[in-house]
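Structure first, then comments.
Residue numbers (my numbering): 11 to 283.
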């Protein structure tokens, strides 16, 4: 069948364009409020094989004031990165142990196990409130390896996050601050059908976290944000009605035509969302 010509101002999207889209292997993105810490971090990465031929170093400048917080700052960094993988790490991370070849090996290992992975890290937690997974040295522990790795998780610590750029993940835009964004990006990956993992990549983190007043405030904000995002709901599209719920029973029941009609006509649907 002969198709009419496409308008000359339009251009097609090339399906296999990874080399064009990602000229660097890694983009290393960091929020910086201490120039000395950051310079030492960069030197640590370069000496571990993350040279400027294969990597780019992007920082968000908070040296004079916190003009960037984690959620919007890292989203901006990601949108300006050209690497196949985005490493989001703290300025006080040091690669004193595993090098670039180990990280490449771990990425290949996960890619074979689960091609649909979205986020990797070195510490995190699962749905089990009693289980964490770690591969780290920090002020409280040395050469810690907790749990069988790699491990699928629902949350990752923010000291080191690795995102697959082709998945186009981003952080929530309704949250602010410097806490829980590792958990947020894992949830965003899950919403898009991807998984997150703790991998066996050993590094040094010069701090062990800070539960200040901002931490507790953002915890409340985070819980409220996801209460809304995960809430059961009826949705009216232009051509259909549907009910979304994590409950298999409610999902099957309320999406039956007779139940949907009854709840809609009586107004009782308001009590189930």
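Even glycine gets a Cβ: it sits at the ideal position worked out from N, Cα and C.
Practice problem: Indicate whether at least one CB of chain C lies closer than 7 Å to the CB of residue 107. | Solution: Protein chain content of the structure displayed is limited to a single chain, and chain C is not contained in it.
Exercise. Using three-state DSSP, classify residue 245 as helix, strand or coil.
Key: Here the question's residue 245 lines up with position 235 in the chain shown. Note: residue 245 maps to strand in three-state DSSP.
Quiz item: Between residue 210 and residue 104, is the Cβ-Cβ spacing less than 7 Å?
Solution: Residue mapping note: residue 210 aligns to position 200 of the chain shown, counting from 1. Residue mapping note: residue 104 aligns to position 94 of the chain shown, counting from 1. Taking 7 Å as the Cβ cut-off, residue 210 and residue 104 do not qualify as a contacting pair.
Quiz item: Given a threshold of 16 other Cβ atoms within 10 Å of its Cβ, counted over all protein chains shown, does residue 245 qualify as buried or as exposed?
Solution: Here the question's residue 245 lines up with position 235 in the chain shown. Label assigned to residue 245: exposed.
Exercise. Note the first and the last residue of the continuous alpha helix (DSSP H) segment covering residue 114.
Key: Here residue 114 refers to the residue found at position 104 when the chain shown is read from its first residue. Residues 110-123.
Self-check item: Straight-line Cα distance separating residue 13 from residue 231
Solution: Numbered from 1 along the chain shown, position 221 holds the residue referred to as residue 231. Numbered from 1 along the chain shown, position 3 holds the residue referred to as residue 13. Going from the Cα of residue 231 to the Cα of residue 13 covers about 53 Å.
Practice problem: Grab me the residues of residue 28's own chain with a C-beta within less than 8 Å of its C-beta, minus the 5 sequence neighbours each way, in chain order. | Solution: By 1-based counting over the chain shown, the position of residue 28 is 18. For residue 28, the predicted structure reports a pLDDT of 48, less than 50, and the residue's modelled location is therefore unreliable. A value from the coordinates is still provided. The answer, listed in chain order, is 94, 176.
Quiz item: Since residue 207 sits in a beta bridge, which residues does DSSP pair it with?
Solution: Taking the chain shown and counting its residues from 1, the one referred to as residue 207 is at position 197. Residue 207 pairs with 130, 162.
Quiz item: How is residue 154 classed by DSSP in three states: helix, strand or coil?
Solution: Here the question's residue 154 lines up with position 144 in the chain shown. Residue 154: strand per DSSP, three-state reduction.
Practice problem: Classify residue 27 as helix, strand or coil using the three-state DSSP reduction. | Solution: The sequence position of residue 27 within the chain shown is 17, counting from 1. At residue 27, the pLDDT of 48 sits below 50, so the modelled position is not reliable and the matter cannot be decided from this model.
Quiz prompt | Limits of the alpha helix (DSSP H) - the one that residue 260 falls within | solution = In the chain shown, residue 260 corresponds to position 250, counting from 1. That run of the alpha helix (DSSP H) goes 258-264.
Quiz item: In terms of residue numbering, what span does the beta strand (DSSP E) encompassing residue 278 cover?
Solution: The sequence position of residue 278 within the chain shown is 268, counting from 1. That residue, residue 278, is in no beta strand (DSSP E); it is neither H nor E in DSSP.
Self-check item: Identity of the residues DSSP links to residue 174 by a beta bridge
Solution: Locating residue 174 in the chain shown gives position 164, counting from the first residue. Bridge partners of residue 174: 95.
Exercise. Return the CA-CA distance between residue 280 and residue 241, expressed in angstroms with no decimal places.
Key: Locating residue 280 in the chain shown gives position 270, where the first residue counts as 1. Locating residue 241 in the chain shown gives position 231, where the first residue counts as 1. So the two alpha carbons sit approximately 12 Å from each other.
Exercise. Could you give the DSSP three-state label for residue 68: helix, strand or coil?
Key: In the chain shown, the residue the question calls residue 68 occupies position 58. Strand at residue 68.
Self-check item: Whether residue 97 touches residue 58 by CB criterion (7 Å)
Solution: By one-based count along the chain shown, residue 97 stands at place 87. By one-based count along the chain shown, residue 58 stands at place 48. For residue 97 and residue 58, no; Cβs fall outside 7 Å.
Quiz item: residue 193 lies in the alpha helix (DSSP H); which residues open and close that run?
Solution: Position 183 of the chain shown, counted from the first residue, corresponds to residue 193. Note, residue 193: alpha helix (DSSP H), 191-201.
Quiz item: My guess is that residue 208 and residue 133 are in contact by the Cβ rule of under 8 Å, so how many angstroms apart are they, rounded?
Solution: Within the chain shown, residue 208 is the residue found at index 198, counting from 1. Within the chain shown, residue 133 is the residue found at index 123, counting from 1. The Cβ separation is near 6 Å, so the contact holds.
Practice problem: Quick one: measure Cβ to Cβ for residue 73 and residue 43, integer angstroms, because I've assumed they're closer than 8 Å. | Solution: As a first step, residue 73 must be located in the chain shown, where it is residue number 63. As a first step, residue 43 must be located in the chain shown, where it is residue number 33. About 6 Å; that satisfies the 8 Å criterion.
Quiz prompt | Best match in 249, 255, 248 for proximity to residue 239 [C-alpha to C-alpha] | solution = For this step, residue 239 is matched to residue 229 along the chain shown. It is 255.
Practice problem: Would you list the one or two residues that DSSP bridges to residue 103? | Solution: Numbered from its first residue, the chain shown carries residue 103 at position 93. DSSP output for residue 103 lists 215 as bridge partner(s).
Self-check item: C-alpha distance - residue 69 paired with residue 87, whole-angstrom precision
Solution: To locate residue 69, count along the chain shown from 1; it is residue 59. To locate residue 87, count along the chain shown from 1; it is residue 77. If I take the Cα positions, the gap works out to 8 Å.
Quiz item: First and last residue of the alpha helix (DSSP H) that includes residue 251?
Solution: Taking the first residue of the chain shown as position 1, residue 251 is located at position 241. No alpha helix (DSSP H) contains residue 251, which is instead part of the beta strand (DSSP E) from 251-254.
Quiz item: Along the chain, where does the beta strand (DSSP E) that runs through residue 145 open and close?
Solution: Translated into the one-based positions of the chain shown, residue 145 becomes position 135. Its beta strand (DSSP E) spans residues 142-148.
Self-check item: Cβ contact (3+ pairs, closer than 8 Å) linking the region 189-199 and the region 166-173
Solution: yes
Self-check item: Closest Cα partner of residue 165 within the set 204, 112, 216
Solution: In the chain shown, counting from the first residue as 1, residue 165 sits at position 155. The option with the nearest alpha carbon to residue 165 is 204.
Quiz item: For residue 226, which of 199, 67, 188 has the nearest alpha-carbon?
Solution: As a first step, residue 226 is located in the chain shown; it is residue number 216 there, counting from the start. Among 199, 67, 188, the Cα nearest to that of residue 226 is on 188.
Exercise. Find out if the Cβ-Cβ distance for the pair residue 124, residue 218 is shorter than 7 Å.
Key: For the purposes of this step, residue 124 is taken as residue 114 along the chain shown, with counting starting at 1. For the purposes of this step, residue 218 is taken as residue 208 along the chain shown, with counting starting at 1. No, the Cβ-Cβ distance between residue 124 and residue 218 is not below 7 Å.
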